[in-house]
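Below: one structure, written as structure tokens.
2 protein chains.
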Amino acid sequence: MAARKNASKFDLRPEARAPLSLLVSRQLRQAIVSGKVGTGTELPSEKELTQELGVGRSTVREAVRILQAQGLVSGGDTVSTKRPRVATEAALRSAAAVAIDNAMRLAQVPLDDLVELRVVLEGAAVEMAASRRDGLLSEARAAVDAMSESGIDIEQFRAADLRFHEALANSAGNAAFPLVMGVLRSAIGSHLGEALDREPDAPKAMAKLAREHGAILKAVLEGKGKRARELVTAHVRAFYRRGAQ
Amino acid sequence: MAARKNASKFDLRPEARAPLSLLVSRQLRQAIVSGKVGTGTELPSEKELTQELGVGRSTVREAVRILQAQGLVSGGDTVSTKRPRVATEAALRSAAAVAIDNAMRLAQVPLDDLVELRVVLEGAAVEMAASRRDGLLSEARAAVDAMSESGIDIEQFRAADLRFHEALANSAGNAAFPLVMGVLRSAIGSHLGEALDREPDAPKAMAKLAREHGAILKAVLEGKGKRARELVTAHVRAFYRRGAQ
DNA sequence: CTAGACCACTTGTCTGACAAGCGGTCAAGG
DNA sequence: CCTTGACCGCTTGTCAGACAAGTGGTCTAG
Chain A
1 MAARKNASKF
11 DLRPEARAPL
21 SLLVSRQLRQ
31 AIVSGKVGTG
41 TELPSEKELT
51 QELGVGRSTV
61 REAVRILQAQ
71 GLVSGGDTVS
81 TKRPRVATEA
91 ALRSAAAVAI
101 DNAMRLAQVP
111 LDDLVELRVV
121 LEGAAVEMAA
131 SRRDGLLSEA
141 RAAVDAMSES
151 GIDIEQFRAA
161 DLRFHEALAN
171 SAGNAAFPLV
181 MGVLRSAIGS
191 HLGEALDREP
201 DAPKAMAKLA
211 REHGAILKAV
221 LEGKGKRARE
231 LVTAHVRAFY
241 RRGAQ
Chain L
1 MAARKNASKF
11 DLRPEARAPL
21 SLLVSRQLRQ
31 AIVSGKVGTG
41 TELPSEKELT
51 QELGVGRSTV
61 REAVRILQAQ
71 GLVSGGDTVS
81 TKRPRVATEA
91 ALRSAAAVAI
101 DNAMRLAQVP
111 LDDLVELRVV
121 LEGAAVEMAA
131 SRRDGLLSEA
141 RAAVDAMSES
151 GIDIEQFRAA
161 DLRFHEALAN
171 SAGNAAFPLV
181 MGVLRSAIGS
191 HLGEALDREP
201 DAPKAMAKLA
211 REHGAILKAV
221 LEGKGKRARE
231 LVTAHVRAFY
241 RRGAQ
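Going down the list, the sequences are from chains A and L.
Numbering-wise, this note's numbering puts 228 at position 228 of the first sequence, and it's gapless, one number per residue.
Numbering-wise, this note's numbering puts 142 at position 142 of the second sequence, and it's gapless, one number per residue.
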């Protein structure tokens, strides 16, 4: 193939045998993760990349597609003349979630195992949060308050629930936790479909969840790590048992 | 754009505004994760896909590139006429690792946080393994034995180390654990570069690691979950402290 | 000063072309 | 009969050129 016009006859490094489009995508990836081009920046147009890299447009396009699929570049999912942009962190996170989800599906990981993994992580997170009790917990407080309000609708409740768990994850003092837990949560959600919508008695269920959240937060604030872990374990298990049947 | 020649003028579903290449990739993805085409199967040639789907070759190529980047299809990373194949589980796992790695890098997650996350997971895994003590532990035994042999070289040692940790993860009785732990391990490895190669006194270090592994396994086999967790925590922390400085 | 026409540029797609490698066929030679 | 080597078709990787359609800025007429 015309992959490498100027390849030496004895160049056997596997690197050199990779398709150009892959090499180009790696080069761009490097520029992105190294921070050389900031998040949210527009990529150069395909023509510019073509000239700058000395490859054809189809090659550039394939490289960009690869980056989009990896979540490093966002914006190509709609037909328009808008240039793709360097991914935001959120986009990357959701790409990671998709990847994990793919792997879980192909490996036929049962939903229960995912939930148990989440229990382990969430338990560890609250325990760490309890031993630190840092300022980020005020956000958790606000989320619990929002959930306890009477007139809240399901969508708002769900958003507050998300904020609560994110706040706990952030309070663990470990940047990897919120990331992995977010990925895991959305992988579980994708497994579940949207089974949670058909809750028979929504207001009652929401009130119960709000109470559980309040109890967890209280334990964390009092520094009772073990207790918080038990509560969160029961909470998460019950939540998915409710939704998954 | 010529994205959808036959699009109704009033078709405003966002779905329909996505580029064809994306739609095609989603269609193929569906066929793969649903198991309609088994893992390891060869994909049809580009020409066949072109005819079957009624789109141009470049579109098909972009779609396949997307799937490759997502790890759902493997084999296109080398220049040859070999057709891409439906991904194996291992390929998917490594794609997930890349995705997590990307997210971690862009979020500037420090290495220490990754290591702590691994400590949490590995600790939970051995505790679960200790309470089950299932048959898979014989593999862990074999790995420890291999590591303890005198004439082992670094590469073999590393492979045995990997087998040991995988065996523990498998013994936890939760299919999600080995997957996530593998992803995490390789993300850490990629962060570390290959700093582990320049160990000053390799044989001594390897002997120490082998002893630690043996102690962990012993605790698991005796059902001492807490003890196993402590040992594995110290082991993982020490390992990366050694390599990371 | 604003509204609408207009134009340059961009992305998405298709088509046609060519190089290079892999696999099977098939005949010549041992 | 089996091996060996040339050969041909198919496949992938890449490029170049073409066109449709959408976006955004400019420029003119009112």
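Glycine is no exception: its CB is placed at the ideal position from the N, C-alpha and C atoms.
Report yes if the CB atom of residue i is closer than 7 Å to the CB atom of residue j, and no otherwise.
i	j	result
N174/L	E127/A	no
A172/L	M104/L	no
A129/L	V220/L	yes
N170/A	L136/A	yes
E46/A	R57/A	yes
L106/A	L184/L	no
V236/L	E166/L	no
A176/A	V109/L	yes
T59/A	S21/A	yes
I66/A	R65/L	yes
A87/A	S74/A	yes
State the Cα-Cα distance for the pair residue i and residue j, rounded to the nearest angstrom.
i	j	result
F239/L	L168/L	17 Å
A125/A	D153/A	28 Å
G38/L	R17/A	28 Å
S34/A	A63/L	27 Å
D161/L	V144/L	8 Å
F246/L	P19/L	What the structure shows of chain L is the stretch from 1 to 245, and residue 246/L is not part of that stretch, so it cannot be assessed.
D112/L	R118/L	10 Å
A210/A	S131/A	23 Å
D134/L	G223/L	11 Å
M147/L	A207/L	8 Å
A228/A	F164/A	14 Å
R241/L	R241/A	40 Å
A246/A	R29/L	What the structure shows of chain A is the stretch from 1 to 245, and residue 246/A is not part of that stretch, so it cannot be assessed.
V55/L	V55/A	24 Å
K36/L	K226/A	46 Å
V120/L	M181/A	13 Å
Q51/A	G151/L	54 Å
S138/L	H191/L	31 Å
E149/L	P178/A	41 Å
P14/A	A205/A	In this prediction, P14/A scores a pLDDT of 46, lower than 50, which makes its location untrustworthy; no coordinate-derived value is stated.
E155/L	L114/L	24 Å
A140/A	A159/A	12 Å
L53/A	E212/A	56 Å
P203/L	G189/L	21 Å
R61/A	R61/L	10 Å
- Could you tell me whether the region 39-46 of chain A touches the region 83-99 of chain A, where touching means 3 or more Cβ pairs closer than 8 Å? yes
- Message: To be precise: take each residue of the region 169-180 of chain L, compare its Cβ to all Cβ atoms of chain A, and keep it if any distance is under 7 Å. Which residues remain?
- Response: N174, A175, A176, F177, L179 and V180
- Query: Are the region 226-236 of chain A and the region 211-218 of chain A in contact at 8 Å, needing three or more beta carbon pairs?
  - Reply: yes
- Between the region 63-72 of chain L and the region 16-26 of chain L, do at least 3 Cβ pairs fall closer than 8 Å? yes
- Message: Counting only Cβ-Cβ distances shorter than 8 Å, please list the residues of the region 119-140 of chain L near chain A, keeping chain order.
- Response: V120, L121 and A124
- Item | Near-chain L residues of the region 101-112 of chain A (beta-carbon distance less than 8 Å), N- to C-terminal order | N102, A103, M104, R105, L106, A107, Q108, V109 and P110
- For the region 57-76 of chain A, enumerate the residues whose C-beta is nearer than 8 Å to any C-beta of chain L, in chain order. S58, R61, E62, R65, I66, L67, Q68, A69, Q70, G71, L72 and G76
- Item | Uninterrupted beta strand (DSSP E) stretches inside the region 16-57 of chain A (no shorter than 3 residues) | none
- Query: In chain order, which alpha helix (DSSP H) runs of at least 4 residues are fully inside the region 106-182 of chain A?
  - Reply: 111-132, 137-148 and 154-171
- Task: Quick one: which residues of the region 82-100 of chain A get their C-beta closer than 8 Å to a C-beta of chain L? List them in chain order.
- Result: A87, E89, L92, R93, A95, A96, V98, A99 and I100
- Taking a cut of 8 Å between CB atoms, which residues from the region 35-46 of chain L lie near chain A? T39
- Message: Residues of the region 141-164 of chain A in Cβ contact with chain L at a cutoff of 7 Å, in chain order, please.
- Response: none
- Item | Contacting positions in the region 215-241 of chain A - beta carbon closer than 7 Å to chain L | none
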